[in-house]
Every structure is written in C-alpha cells, then in structure tokens.
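Colleague: Numbering-wise (full-length UniProt numbering), the sequence shown opens with residue 1 and increments by one.
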Amino acid sequence: MGKVTAILQNKGGVGKTTVSCNLGAAYAKRFPDRKVLIIDADPQGNQALSFGIQPNELENALYDVLVNDLPVMDAIVPIKYCSNLYLLPANDDMNYYELDTLPGMADVREYLLTLRKAIEPVLDDFDRIIIDSPPELKIIAASIMMVADEIYIPFEPDAYNAQGLIQLLEKIEVYKEQYDTSPEVKGIIPMKVKKKTLLHRGVLTQVDAFCNLKGIKVMNTKIPDSIRYPEFIASARMPIVLADPNGDHAKYYFKLLDEVLQNG
1 MGKVTAILQN
11 KGGVGKTTVS
21 CNLGAAYAKR
31 FPDRKVLIID
41 ADPQGNQALS
51 FGIQPNELEN
61 ALYDVLVNDL
71 PVMDAIVPIK
81 YCSNLYLLPA
91 NDDMNYYELD
101 TLPGMADVRE
111 YLLTLRKAIE
121 PVLDDFDRII
131 IDSPPELKII
141 AASIMMVADE
151 IYIPFEPDAY
161 NAQGLIQLLE
171 KIEVYKEQYD
181 TSPEVKGIIP
191 MKVKKKTLLH
201 RGVLTQVDAF
211 CNLKGIKVMN
221 TKIPDSIRYP
231 EFIASARMPI
241 VLADPNGDHA
251 KYYFKLLDEV
261 LQNG
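1) Per DSSP, what kind of secondary structure is Ala48 in: helix, strand or coil?
2) Helix or strand or just coil, what does DSSP make of Tyr81?
3) If the criterion is Cβ atoms closer than 9 Å, does the pair Gln87 and Gln47 meet it?
4) If you drop the 5 nearest sequence neighbours on each side, which residues of the same chain put their C-beta closer than 7 Å to that of Ile79?
5) Between the alpha carbons of Asp244 and Ala250, how many angstroms are there, rounded?
6) Determine whether the beta carbon atoms of Asp42 and Lys16 lie at a separation below 9 Å.
7) Have a look at Glu173, Leu8, Asp125, Ala118 and flag the residue whose alpha-carbon is nearest the alpha-carbon of Arg34.
8) Let me check understanding here. Comparing Cα to Cα, which of Val241, Met191, Ala6, Ile166 lies closest to Leu213?
9) Reducing DSSP to helix, strand and coil, say where Gly187 ends up.
10) Going by C-alpha to C-alpha distance, which of Ile189, Pro32, Asn91 sits closest to Leu66?
11) Taking the continuous alpha helix (DSSP H) assigned at Glu150, which residues delimit it?
12) DSSP on Lys3, reduced to helix/strand/coil?
13) Please classify Gly202 as buried or exposed, where buried requires at least 16 other C-beta atoms within 10 Å of its C-beta.
14) Can you say whether Met1 is buried or exposed, counting buried as having 16 or more other CB atoms within 10 angstroms of its CB?
15) Do Ala28 and Ile151 count as a contact pair if the criterion is CB distance below 9 Å?
16) May I ask which residues mark the beginning and end of the alpha helix (DSSP H) holding Arg237?
17) Under DSSP, the alpha helix (DSSP H) around Ile216 begins and ends at which residues?
18) Please state whether DSSP places Leu8 in a helix, a strand or coil.
19) Quick one: Cα of Arg30 to Cα of Leu58, how far?
20) Going by C-alpha to C-alpha distance, which of Ser143, Asp158, Ser83, Ile119 sits closest to Tyr111?
21) Within the stretch 74-135, note down every full beta strand (DSSP E) run reaching 3 residues or more, in order along the chain.
22) Could you tell me the boundaries of the alpha helix (DSSP H) in which Leu37 lies?
23) Below 8 Å CB to CB, which residues in the same chain sit around Asn95 once its five sequence neighbours on both sides are set aside?
24) Take Leu70 as the anchor and find which of Tyr253, Lys117, Asn56, Gln163 has the nearest alpha-carbon.
25) Measure the alpha-carbon distance for Gly247 versus Gly264 and round it to whole angstroms.
26) Is it buried or exposed, residue 329, if we count other Cβ atoms within 10 angstroms and call 16 or more buried?
27) Does DSSP put Pro224 in a helix, in a strand, or in coil?
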C-alpha cells in the first residue's frame, strides 16, 4: 500500500500547492519505476493548472468521486510528460462539497471516511500519494487526516504565520483525538524564505525552538523566495522539478524529498 502524505495548511499563499506538485514530481523523477498520485482537494484546482490542465474543462474530478460515486480511476489523469505521475484533480465543484453532502450525514466519523473509501481501490496501485489540502480546516481537511499516514505543513516565516502554525498544530491534535485517527506531523517546511532578513531568521529560530519542544521536525531544506517557481508554471506549464530538473531552484525539492524519505 502506498504511503499517503498530506500537505496541510489552513492559510493560503504559503506555497502548499507548489510543495505538493514539486515534491510529487521529484519522487516520480527520482524513482521512475514507482507510481505517484497527487490528489488535489483544493477547489481552486491549482494542481491541474500546475501541469498545464484546465480544471474546469475536465469531464471528471474529485467531487464526482466523492459525491456522484464515480470510480476513482475514471477521474485520475496521467501526466503526459512524466509517465509515472498521475493527478486526481479538483475543480470549483469542491466549493459545494459540504453543502451538497451535509444534509445526508448520519454519522460524523463515517462521513469523514468518505475520502478514504473513495480512494481505497487505488491505494495499492501507487507507491506514494500526496494530497494537497484546501487552505482551511473544514470537513475535507478532517477527511484528509482520516486517510493520511503523515502530515507536512508548509510555513512562511513571518510573525502572523508563527501564531497560526501553533494554532494549526493544536487543532490537528484535537482532530486526531476527536476522530480517532493518527497521522503524524512529520515536518514543517519553511517556504518563501529570505535568509538575509532578520525577521525570517528570527521567526525560524522561534519555530525551531517550539517544534523541538513538541518533537516535530523543522525541515533543514528551506525553499527560497523566488519568482522562478511560479514562472515555470506560467511559461512551461509544469513544475520546476520537471521543467528544469538540474537547475538550482529544482535542487531544493530533491533535497526536501531526501529528508522526507529519511523521515520514513
């Protein structure tokens, strides 16, 4: 059974989608004999856009799997320029997931297992599954925690985000206890880091100290703040790891992958 990695964050704009697509692509490039699935649970559908696919032009997406009982394989899209990488896309239908399904909810825990049951038929078909969560802690985020083996949290080091990170970690623990699930927070991924600024260095020092007390790893690989990452999505219509795998900016994601693999 493939390991399920959730990229979780309740704030937008911190690089959650960038981490998900580049980490998934790095795994696929490093291990061409293994299959990787990226699941997009964010209604913005940015994972599809990251691979040059228009999400609202797709016939099927995650919503159809969760709500309309579409077999999951019917919604999975192969990435044409990376033969062992696949995407289960989302589109803006996911904005209405809760409104469309809550009226029929009888048992909360059973309801939260909907995602797990939906993707269960393909768990053995992929070596690594990466789930890009929406930027909010709603039902779908709790559902992701019910299927994930591990959680990584992208984090942009400013003062506001530091407080938000503490609250997010606390909320994850509440969810785990409340819904009897046990994904481990394996790491905090520093994103958009400006190493020369006192603010970023100071916040990272504080976060390191806090996470050390909690037994949570702050990843040594710090993704720098750079326009190159969104530029490659816009111009090459693919993540930088696939468009320029030997470039200086892609190397950070291969280093991050090494750390993730070392974490087990």
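Ideal Cβ positions, reconstructed from N, Cα and C, are used throughout, including at glycine.
Modeller: According to the structure data:
1) Walking along the sequence shown from the start, residue 48 turns up at place 48. DSSP places Ala48 in helix when its eight states are reduced to three.
2) For the purposes of this step, residue 81 is taken as the residue at position 81 of the sequence shown. Three-state DSSP puts Tyr81 in coil, outside helix and strand.
3) Here residue 87 refers to the residue found at position 87 of the sequence shown. Here residue 47 refers to the residue found at position 47 of the sequence shown. The sequence given here places Leu at residue 87; Gln does not occur at that position. Yes, Cβ-Cβ distance for Leu87 and Gln47 is below 9 Å.
4) Taking the first residue of the sequence shown as 1, we reach residue 79 at position 79. Around Ile79: Phe51, Leu85, Tyr86, Leu87.
5) Counting from one through the sequence shown, the residue named residue 244 turns up at place 244. Counting from one through the sequence shown, the residue named residue 250 turns up at place 250. If you draw a straight line from the Cα of Asp244 to the Cα of Ala250, it comes to about 7 Å.
6) Taking the sequence shown and counting its residues from 1, one reaches residue 42 at position 42. Taking the sequence shown and counting its residues from 1, one reaches residue 16 at position 16. Cβ distance < 9 Å, so Asp42 and Lys16 count as in contact.
7) The residue given as residue 34 occupies position 34 in the sequence shown. The option with the nearest alpha carbon to Arg34 is Asp125.
8) Reading the sequence shown from its first residue, position 213 is the one you call residue 213. For the residues Val241, Met191, Ala6, Ile166, the minimum Cα distance to Leu213 belongs to Ile166.
9) For the purposes of this step, residue 187 is taken as the residue at position 187 of the sequence shown. The three-state secondary structure of Gly187, taken from DSSP, is strand.
10) One-based indexing of the sequence shown puts residue 66 at position 66. If we check each option's Cα against that of Leu66, Asn91 comes out closest.
11) Translated into positions along the sequence shown, residue 150 becomes position 150. Glu150: not part of any alpha helix (DSSP H); member of the beta strand (DSSP E) spanning 150-155, first to last residue.
12) Here residue 3 corresponds to residue number 3 of the sequence shown, with the count starting at 1. DSSP places Lys3 in strand when its eight states are reduced to three.
13) The count along the sequence shown starts at 1 and reaches residue 202 at position 202. Exposed is the call here.
14) Position 1 of the sequence shown, counted from the start, is the residue given in the question as residue 1. Per the 10 Å Cβ criterion, exposed.
15) Locating residue 151 in the sequence shown gives position 151, counting from the first residue. Locating residue 28 in the sequence shown gives position 28, counting from the first residue. No.
16) Here residue 237 corresponds to residue number 237 of the sequence shown, with the count starting at 1. No alpha helix (DSSP H) contains Arg237, which DSSP labels as neither H nor E.
17) By 1-based counting over the sequence shown, the position of residue 216 is 216. First-last for Ile216: undefined, no H or E at that position.
18) On the sequence shown, position 8 is the one that residue 8 refers to. Three-state result, Leu8: coil.
19) Position 30 of the sequence shown holds residue 30. Position 58 of the sequence shown holds residue 58. Approximately 29 Å, taken between the alpha carbons.
20) Residue mapping note: residue 111 aligns to position 111 of the sequence shown, counting from 1. The shortest C-alpha separation from Tyr111 is found at Ser143.
21) Fully enclosed beta strand (DSSP E) runs of 3 or longer: 85-88, 128-132.
22) Position 37 of the sequence shown, counting from 1, holds the residue named residue 37. It is not in any alpha helix (DSSP H) - Leu37 instead sits in the beta strand (DSSP E) that spans 36-40.
23) If you number the sequence shown from 1, residue 95 lands on position 95. Excluding positions up to five away in sequence, the list reads Pro43.
24) On the sequence shown, position 70 is the one that residue 70 refers to. For Leu70, the nearest C-alpha among the options comes from Lys117.
25) As a position in the sequence shown, residue 247 is number 247, starting the count at 1. As a position in the sequence shown, residue 264 is number 264, starting the count at 1. Whole-angstrom Cα-Cα distance: 27 Å.
26) There is simply no residue 329 to check, as the chain begins at 1 and stops at 264 in what is shown.
27) Translated into the one-based positions of the sequence shown, residue 224 becomes position 224. In the structure shown, Pro224 sits in a strand (DSSP, three-state: E or B).
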